[in-house]
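Colleague: Numbering (full-length UniProt numbering), first residue to last: 1 to 137.
Glycine included, C-beta positions come from ideal geometry on N, C-alpha and C.
1) Measure the beta-carbon distance from residue 119 to residue 87 and round it to whole angstroms, keeping in mind my assumption that it falls under 8 Å.
2) Once the 5 residues before and after residue 107 are set aside, which same chain residues still bring their CB inside 8 Å of it?
3) Closest to residue 77 by C-alpha separation, out of 7, 41 and 127, would be which residue?
4) Can a CB atom of chain B be found closer than 8 Å to the CB of residue 99?
5) Here's the rule I'm using: 16 or more other beta-carbon atoms within 10 Å means buried, otherwise exposed. How should residue 59 be labelled?
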């Protein structure tokens with residue numbers, strides 16, 4: 001696969017992370033208008049499950065973005081494709097649930113739609129990358 005395709009894949013990974021970070025920032029906008037965002041029963045300590053979730057949706061995709069530029073191994077391609085596909089399902093469900101729960105929040109719906117489209121394009125590019133590897137055998 002040419003360098004242009006790996007650049008696209010790397011870019012899509014980074015774009016998804018950027019979009020999800022904007023999503024988190026958008027969630028904090030209510031603070032400026034006096035909205036209470038503290039979770040009921042919060043103790044001031046972030047639970048480990050949130051640390052793990054952050055690793056899975058922000059840090060791991062950044063590693064995929066970086067490693068895509070340097071690795072061309074079949075196993076890496078399979079893992080990337082599987083992870084991106086699961087991530088796409090997560091982003092799809094999140095988009096749908098946000099659209100149902102917060103129909104008036106057009107910026108969130110638009111942003112999550114953008115993240116979902118980026119994720120679909122990522123899966124398609126990864127599939128082409130993997131398919132080219134299989135056809136080369």
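Modeller: So, from the data block:
1) 6 Å
2) 26
3) 127
4) Chain labels in this structure do not include chain B; a single protein chain is all it has.
5) exposed
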